[in-house]
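Report on one structure; see the data block that follows.
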Amino acid sequence: MTPDLIYGLTGVAVFGIGLVGALSAQDRLRRVLALKLCSVGAGFLLVVGAWREPPAAPDPVPHALVITGIVVMVSATAVALALIRRLQTLEATDER
Amino acid sequence: MQDVVAAVLITTGTVFFIAGTVGLLRFPDIFCRLHALTKADGLGLALIALGVAFLAATPGAVFRIVLIWFFVAAASATCGHLVARYARRSGAGVRHD
Amino acid sequence: MTDPLVIFDLLLALAIVALAAASLSVRDLFSMIVLFIIFGLLSALAWVRLSAPDVALAEAAIGTGVTGALLLKTLHHLRFASGTLGQKAAYGVTPVAPVPMAVIMTNAVFCGLITLGLVVAFLGAPAAGPGFDPLVAEAMPQSGVEHPVTGVLLNFRSYDTLMEVVVLLAAVVAVWQIERGLSEAPAPAMGEVWQGFARLALPAIVVVGTYLLWVGAEAPGGAFQGGAVLAAVGLLLLLTRAYVPQPAHRGIARGAFVLGTAAFALVALLVASGGRVAFEYPLDHAKTLILLIEGMVTISIAVTLAALFHGREPVALAKGDRNDT
Amino acid sequence: MSVEISPMILSVFVPLFGAIAAFVLPRAAALIGFATLVLTSGAVAWLARDVLAAGAVGLPLGGWGAPLGIDLRADGLSVAMLALTSVVGFLVSIAALDSLKGPEQARQRQYFWPLWLLLLTGMNGVYLSTDIFNLYVMIEVIALAAVGLTVLSGSRAALQAGLDYMYASIFGALLFLMGVGFVYLQLGRLDFAGLTGAAPTGALIAALALIFVGLALKTALFPLHFWLPAAHANATAPASALLSGLVVKAALYVVLRLAQYMPFPSENLLTLVGLMGAGAVIWGGVQALRAERLKLLVAWSTVAQIGLIFVAFARAGEVGLSESWKAAALLILAHGIAKAAMFLAAGRIKDEIGHDVIRDLDRTPIRPTLAQFTFALAAISLIGLPPSLGFIGKWSLMEGAMAAGYWHWVGVTMAGTLLSVAYFSRVFAGFLRFDRVRAPVGEHQGWALADAAPLTLALMAIGLGLLAAPVLSFIEIGYPFGVAP
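Protein chains in written order, with the numbering used here: chain A, 1 to 96; chain B, 1001 to 1097; chain C, 2001 to 2325; chain D, 3001 to 3485.
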């Protein structure tokens, strides 16, 4: 049992959980969160791929890719959340 | 010698954390939970920080640990205050049964 | 007996998976976000175990910190807009019919099969297979920095990094386009203790953020982590109402959003002379140029993330004007 | 010190700087936008000249070279896509100038340009990329800018459609990212050259499936098309033209490109892709027949046409993908031009008449004849009547399918053609019939500059069919897509 095996399976499991959430969540906020879980799962996979048995240093390229992925995901989340807020505002004023 | 002292301190700190967590899970309302959590975790954090400081190699590292302890302690105190304040104002905190 | 750390790994992995499942299944949206934040921090811890401290810092600061703040802010706004702000158990915000259990189960079985396929594929992939490590090791002396991840981000694959900053810019342009107005939901009243803490924390955050940026050349850290920490300054200023965005500040804000992208792209273009191609920094000046780019990008990231948190273009709206497109 | 710049880098950087300038100086946004489009088109023309003269060209960014660095590569297909983007983009921008000119649209105008130029940056980046992670970042640039354009009007319907589009887009990108992870696990590199010739192991098959489903979600292949009709129908006309004409093509291009590199485990998988395409052709056609609004009909026709492109792509047969991609590429070009023309024309009709309910198209005294004419011309190319470019694409598809003995794909194509004739006829009937409410004199709308752009596009869609041979030989430059030179 090495960390890469354990966390690789963790990553795939988290991705799967995010998948279920993204497909079945009805609430808008929860769906955004499910997608974020998927992205963490994908991040796990790349970080695990980069791992090397110590004392060998890990491969830095996937690390850079995951950092990029995290920044991209926060950007996408921010846009989705802005859409959600605006929609809610419009819906609330329409109902009044 | 240092390792033993560090191990004892960290273990004691962990016990406090576990106690705090048990309190969080078992106590009936927000104020009791906060009471358990903030006090036990504050002490646990200090003990663990002290234990880790014994293991630190350089004075610079010790200094950083002290800083981390200070800010985490300040932040958790503030958080506890905010949670309690919100609970008291909204009346959501106290369990009446 | 195996390495005791394996037990730690197993417990951590279990906790991560359990938190992921719990955050999606808990009914209350606030609890959902809190569980997600814990999940994110534990994932960052797992990445430290996988010797990826840079990624862990980025995930803790951006993936969990900023994302969590965005989610909480949105929840606050939604509860305000739907009039459920003060209610004790405001579970959902949008009134949605509960998903039928059968649908969830079907999806779960379907996704379970996919996940199973991915597990098989993962187990079949070569463990610690081929990678970029020999190439990176060979090229590092020419990169101008000592820390490999920074070398990859700002030199070997700097085109990706430039485009990542562009994504951030696109996000803030889109967010400003979607929402506008000065303020809608009332800021939560936080009290004096909080103000005091903010005064204490602000300088410390500035120091930590700048340190992370500076140290990125030779140790874990860099523009993105530093920028995210500095964005916390903006969040504190916005939350304490020490700074309220005004319509007149939009010009400066736009300049700050594009600063990183513009500087990065200009440097990438201008180094292409004397037989060099775009993004090929001359070796003597590589470190200076990389630090220059990182500095500009950090400013942009910090301002942009804070603006994404604020979430709307500060425009003075006329009374009753909700849709002035 | 003189700066030496390649036209490839300019095709990406000029729109990027343009977007920055248009965002910082909102008052001059339109001017900056046009200058940027002219310069970008110039860069693409320069690149086309290089490719014509020297074949495929490459550029190792940073001087590192793949796999450590990222290479840009331009061959006939990528330049054709760049040219499509430039030409369609330029003409749509002219139309946007007119349709966003009102004082109440100041805000839309201010945001249209930076978002559109960012979109252009992303699309040009996709067409020049040779690295799958770089593709991921580029499609995210496209996604965020495209969502911004979708919700430009700010209406509740547009926002809801934009949110659904956003979910689909993020989800697709994450599936793609997971696929990138599996490619890295197996191969340890991410450039196209590393993918060629790799044996199809479990990890690579998983990667292929994840990447394909992710892209199918982005390009709205049946049954993952659910987000497209609402998003494209509710956007403002120029945004719809960009989304339907260009944005879905970027993901289609990535499918086309990656299919040349990624190992295909079996032909059955390709048949499955074809079946999804056939489903899209039928379902999209049926929904277009049922659509009540003109823009919705056009959006559903996009779903059907995308399905047809996948059918073209899937009728590989014995010869493999080496032939079928050309039919798919021709159809992509044809659809890009004709659909942009059609959405702009539909937008003009809606602007003039005041609504776009198909049933009531003939009940208005105002008759925007030029827009209707444009719509009909675009429909000719989309249906695939000679001599349009759409005809050449369909012909090449059917010819290949017949040669390989795949009569079922021929049948699907015929059925799709008949359906498209049927649903476009609903619109033509509305253009032509005067009988239901006979206005005393149908008020013919005069010639307007705003009609010039869609008309030019529609004429191009028809006329390019006559130039099919040079177009085809151009997109074959640099084939087979090998390693970057």
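Even for Gly, the Cβ is constructed at its ideal location relative to N, Cα and C. In this text, all values refer to a predicted model and were calculated from it rather than measured experimentally.
Residue i versus residue j: straight-line alpha-carbon distance, rounded
i                 : j                 : result
Val1022 (chain B) : Thr1038 (chain B) : 13 Å
Lys2088 (chain C) : Met3123 (chain D) : The pLDDT assigned to Lys2088 (chain C) is 46, lower than 50, so where the model puts this residue is not dependable; a value taken from the coordinates is nonetheless given after this. Spanning the two alpha carbons is a distance of roughly 48 Å.
Leu3185 (chain D) : Val2136 (chain C) : 17 Å
Lys3394 (chain D) : Val3213 (chain D) : 25 Å
Gly2311 (chain C) : Leu3052 (chain D) : 47 Å
Val2207 (chain C) : Ile2299 (chain C) : 14 Å
Ala1074 (chain B) : Ala2201 (chain C) : 9 Å
Gly2092 (chain C) : Ala3203 (chain D) : Any reading at Gly2092 (chain C) needs caution, since the residue's pLDDT is 47, under 50, leaving its predicted position unreliable; the model's value is listed next. Approximately 39 Å between the Cα atoms of the pair.
Ala3021 (chain D) : Arg3107 (chain D) : 16 Å
Leu2010 (chain C) : Val74 (chain A)   : 28 Å
Asn2323 (chain C) : Glu3352 (chain D) : Confidence at Asn2323 (chain C) is low in this model, with a pLDDT of 41, below 50, so its placement is unreliable and the value that follows should be read with caution. One C-alpha to the other measures close to 23 Å.
Val12 (chain A)   : Thr2 (chain A)    : 16 Å
Ala3294 (chain D) : Val3357 (chain D) : The sequence as given places Leu at residue 3294 (chain D); Ala does not occur at that position. So the two alpha carbons sit approximately 6 Å from each other.
Met1001 (chain B) : Val1008 (chain B) : 11 Å
Leu3031 (chain D) : Gly2144 (chain C) : 40 Å
Ala2198 (chain C) : Leu2236 (chain C) : 7 Å
Leu3128 (chain D) : Arg3367 (chain D) : 44 Å
Ser3388 (chain D) : Gly3478 (chain D) : 26 Å
Val3255 (chain D) : Leu3195 (chain D) : 14 Å
Ala2253 (chain C) : Val2303 (chain C) : 8 Å
Leu3221 (chain D) : His1035 (chain B) : 56 Å
Leu63 (chain A)   : Ala2052 (chain C) : According to the sequence provided, residue 63 (chain A) is His. The question's Leu does not apply to it. Roughly 7 Å between the two C-alpha positions.
Val3012 (chain D) : Val3092 (chain D) : 19 Å
Val3483 (chain D) : Phe3192 (chain D) : In this predicted model, Val3483 (chain D) has a pLDDT of only 43, less than 50, meaning its place in the structure is not dependable enough to derive any value.
Leu3270 (chain D) : Leu2162 (chain C) : 36 Å
Ala50 (chain A)   : Ala2128 (chain C) : 7 Å
Gly3062 (chain D) : Val2277 (chain C) : 6 Å
Leu3217 (chain D) : Leu3224 (chain D) : 5 Å
Residue i burial status per 10 Å Cβ neighbour count (16 or more: buried)
i                 : result
Phe1966 (chain C) : As displayed, chain C neither begins before 2001 nor continues past 2325, which places residue 1966 (chain C) out of reach and without an answer.
Asp3451 (chain D) : buried
Gln3287 (chain D) : buried
Ile67 (chain A)   : buried
Ile1068 (chain B) : exposed
Asp2284 (chain C) : exposed
Asn3134 (chain D) : buried
Asp3071 (chain D) : buried
Chain-ordered chain D contacts of residue i [CB-CB under 7 Å]
i                 : result
Pro62 (chain A)   : Tyr3184
Arg2254 (chain C) : Phe3023 and Val3024
Ala42 (chain A)   : Leu3174, Leu3177, Met3178 and Gly3181
Leu65 (chain A)   : Phe3133
Arg31 (chain A)   : Tyr3167
Cβ-heavy atom distance, residue i to the ligand SAH, below 7 Å
i                 : result
Ile2033 (chain C) : This structure does not include the ligand SAH; it has no bound ligands of any sort.
Span of the alpha helix (DSSP H), counted from its first residue to its last, around residue i
i                 : result
Val2315 (chain C) : That residue, Val2315 (chain C), is in no alpha helix (DSSP H); it is neither H nor E in DSSP.
Leu2072 (chain C) : Thr2067 to Ala2081
Lys3249 (chain D) : Val3248 to Tyr3261
Glu3399 (chain D) : Leu3389 to Ala3403
Val2149 (chain C) : Pro2148 to Gly2151
Asp2054 (chain C) : Pro2053 to Ala2058
Val2026 (chain C) : Segment: none, Val2026 (chain C) is in no alpha helix (DSSP H) and carries neither H nor E.
Bounding residues of the beta strand (DSSP E) (the contiguous stretch that carries residue i)
i                 : result
Asp3071 (chain D) : Asp3071 to Ala3074
Pro3060 (chain D) : Val3057 to Pro3060
Under 8 Å by beta carbon: chain D residues contacting residue i
i                 : result
Val2136 (chain C) : Leu3068
Within chain C, partners of residue i - CB distance below 9 Å
i                 : result
Phe3133 (chain D) : Arg2157 and Asp2160
Leu35 (chain A)   : Under the 9 Å cutoff, chain C gives no residues; its nearest Cβ is about 11 Å from Leu35 (chain A).
Contact set between residue i and chain C, taken where Cβ atoms lie within less than 8 Å
i                 : result
Ile3205 (chain D) : Ala2121
Neighbouring residues, chain A, relative to residue i (Cβ below 7 Å)
i                 : result
Leu3144 (chain D) : Ser75, Ala76 and Val79
Interface residues of chain B facing residue i [CB-CB closer than 8 Å]
i                 : result
Trp2194 (chain C) : Thr1078, His1081 and Leu1082
Within chain B, partners of residue i - CB distance below 7 Å
i                 : result
Leu2200 (chain C) : Ala1074
Within chain A, partners of residue i - CB distance below 9 Å
i                 : result
Ala2262 (chain C) : Near Ala2262 (chain C) there are no residues of chain A at all, since even the closest Cβ is about 18 Å away, more than 9 Å.
Contact list for residue i against chain D, beta-carbon separation under 9 Å
i                 : result
Ser2023 (chain C) : By Cβ distance, chain D contributes nothing, its closest Cβ being about 17 Å from Ser2023 (chain C), past 9 Å.
Chain-ordered chain F contacts of residue i [CB-CB under 8 Å]
i                 : result
Pro2130 (chain C) : Annotation note: the requested chain F is absent from the structure, which comprises protein chains A, B, C and D.
Contacts of residue i in chain A (Cβ-Cβ under 8 Å)
i                 : result
Leu3156 (chain D) : Residue 3156 (chain D) is actually Arg in this sequence, not Leu. The contacting residues are Leu87, Leu90, Glu91 and Asp94.
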